[in-house]
Structures are given as C-alpha cells and as structure tokens.
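Right, one structure below, let's go through it.
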Amino acid sequence: MNSVMCGLLNISLILLICGIPVSQGFSYDKTGEWGNESPICNGKSQSPINIDYNDKNALKQDMVSLKWNGYENIPDVMIGANNGHTIKVIPKWLDTAKRPYLSGGPLDSQYVLQEFHFHWGADNSVGSEHTVNGKSFVLELHMVHWKLDYGSFSAAIAAPDGLAVVGSFYDVNNTVSKPSSGVNNIINIALILMKKGEEVDITPFPLSNFDAVNTPEVIATYKGSLTTPGCNEAVTWMVVIHGHPISNNHMETLRNVQLDNGENHNYRPVQPLNGRKVSFFH
C-alpha cells in the first residue's frame, strides 16, 4: 500500500473522532431543556442572536478586511456524515500547509478550517439560526475554524477565543437561471446523506465555491457560542448579513434529509444579546 493511501486511511480514522463534540440526545423541539445536560447552554454569551443592522448603538468600527487564505485548495479527502442533527462535512489536506485559514477582520491570529454544516427549517419562513432585523433566511451554512495557536481543535474549543465560525445565509430566489457552484455542492451532499447515520466519501471540491468566501458584503461579528450542546462560549462569529440565492426545489431536497425524532428543522432560536456588542465590517 503506498504512502498516500496510508495517509488517506489515517485521515479517515481521524475523521471519526475529530468532529465538533455534541450531545447525541438533544432535540430541536426542546431547546429550552439543553441546559439540563449542558449548563453553559443557559449562559450569557449564547448563539445565535438577532443582528440589528439598524441599531444606532452598534459599534461600526473600521477593521482590516477578512482574509480567506487557501480556500481554493482542493482537499485530499472529504468525509460527509448525517449525524441526525445536521449534515456535516470534514475536509482534510495531507499537506497541512494547504489547509484554508482565516485571518484579519476581528481575528488576531490564524484560524484553520475544521468542518462545515447546515441549518434549515420546515418551510421558507424559517431555517437560519441567526436573524437580521428579525428576518429569518431559509438556510444557514456554518464554516467552523479553530485557532492555530492552540495546536488542535480539541484544545481550541476549550478556550474563550478558540473558535471562529462564518455564518452564510441562503434565501429562496427562483429567478436565478443557474445555481452557484456552492449551491450545487450543497445539494449533491444532501442527496447522498439523506439517511441519518450515513457517512460517505464526497468528491472533493474547493471551499471557495461557497458564496461567502471572499464576499464583499457586510459582515457582522460578535462573541458567542456553538449553537448545539455543549454550547461552548468560545466563538468569534462572523455572519454575512445578506442572503445568497437558492431555489425552492433545492430547499425541498434539503428538507427531505432525515433527522432525529422525525424533526423537520435543525435551528436553535435566537438567544438574548445580554449587552454584547455587534460590530460590522466589509
């Protein structure tokens, strides 16, 4: 067996244990009970939130642009899984120097891409976890990153500045003649992960296919948490506040993905801001 194949096998083993740790027993129909098992879910810096873009008290500060480094690098391996709560994809690069990472914006260091996953609702009136001026979007993509200074994802998730998550919205627009490459990738992933418990190899594609990457649009940033138990308050959030187009037919495909307990949605309701500041930058 050649060294590349051995490397791929080793990566596959790693993927079984390196995803975001979540409690497997939680329900999106009982989000108010999450704190019983994970007390931090009742914390003061929880996510998601409503982003008030018209809030005159919001700190609209000048920041250097967010830099998307290496997102055009195609992974050597992509493993997708339906864990009953979402469909999640973990990309891996044999050469760690090719791993995509974020820098700039509100970040004081490099944050390496770990995984991406999705949140949606039962119909087109809901779906996103974050809202903007009270408006929900039909789909929210989360791209999860960890701070390279900590050496590993497991160490970073325990630190107050350990994670950086990009949130990207999609909204139904049936007038777009051709979906973006990113939307095509999302739907192709959903089609092969319809049943909960499935884990499959995905044909690798560059993360630059996603509409949020290198976006010139306004980004909201604040300090928050993971949106699933254990709700670690370790996240610098960066949410692109405008939606990207996706068709109704594509959303119907996503809604056919099997989730735990027969649930038809996987978004957490917005949480209190509790005095946190939301900043905006390009």
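Numbering (mature numbering (1 follows the signal peptide of the UniProt record, and there is no 0)), first residue to last: -25 to -1, 1 to 257.
Each residue gets a CB set at the ideal place from its N, CA and C atoms; glycine is no exception.
- Under the three-state reduction of DSSP output, HIS257 falls in the coil class, being neither helix nor strand.
- Put simply, the backbone Cα of VAL64 is about 11 angstroms away from that of LEU88.
- Counting the other CB atoms within 10 Å of its CB gives HIS257 a total below 16, which places it among the exposed residues.
- ILE24 and LEU201 do not touch by the CB rule: their CB atoms are close to 13 angstroms apart, not below 8 angstroms.
- The C-beta of ASP83 has fewer than 16 other C-beta atoms within 10 Å across all chains shown, which makes the residue exposed.
- The DSSP-derived three-state label of TYR197 is strand.
- Contact between GLY137 and TRP121 holds: their C-beta atoms lie close to 6 angstroms from each other, under 8 angstroms.
- Of the candidates ARG251, GLY250, ARG243, VAL253, the residue whose Cα lies closest to the Cα of GLU104 is ARG243.
- For ARG251, the CB contacts under 7 angstroms within the same chain, skipping 5 residues up- and downstream, are SER20, TYR197, LYS198 in chain order.
- Following the DSSP letters along the chain, one finds HIS225 inside the alpha helix (DSSP H) bounded by residues 223 to 230.
- Pairing HIS92 with TYR3 gives a Cβ-Cβ distance that is not under 9 angstroms.
- In the same chain as ALA133, and ignoring 5 residues on each side of it, the C-beta atoms closer than 8 angstroms to its own belong to ASN207, ALA209, in chain order.
- Distance from ASN189 to VAL147 at the Cβ level is roughly 24 angstroms; contact not present, criterion being Cβ atoms closer than 8 angstroms.
- CA-to-CA, the gap between THR178 and ALA139 works out to about 26 angstroms.
- Checking the DSSP bridge columns, you'll see ASP176 partnered with ILE54.
- In the displayed model, GLY80 falls within coil according to three-state DSSP, outside both helix and strand.
- The Cβ atoms of ILE164 and ILE62 lie closer than 9 angstroms to each other.
- The alpha-carbon of PRO191 is positioned some 35 angstroms away from that of ASN17.
- Going by DSSP, TRP121 is part of the beta strand (DSSP E) stretching over 114 to 122.
- With contacts defined by Cβ atoms closer than 9 angstroms, GLN233 and LYS153 do not form a contacting pair.
- Within the same chain, and ignoring the five residues on either side of TRP68 in sequence, the residues whose Cβ sits closer than 6 angstroms to its Cβ are PRO50, ASP51, ARG74.
- Annotated three-state conformation of VAL141 is strand, per DSSP.
- The criterion of a C-beta distance shorter than 9 angstroms is not satisfied by LEU77 and ILE194.
- Shown here for GLN246: same chain residues with a beta carbon closer than 7 angstroms to its own, the five before and five after excluded, namely GLN21, SER22, PRO23, ILE24 in chain order.
- In this structure, the straight-line span from the alpha carbon of THR203 to that of VAL39 is close to 30 angstroms.
- Leaving aside the five residues that flank HIS217 on each side, the residues in its chain whose CB is nearer than 6 angstroms to its CB run, in chain order, GLU192.
- The C-beta separation of ASN149 from SER222 comes to about 5 angstroms, placing the pair in contact by the 8 angstroms criterion.
- As summarised for the stretch 59 to 109, there are no continuous alpha helix (DSSP H) elements at least 4 residues long confined to that stretch.
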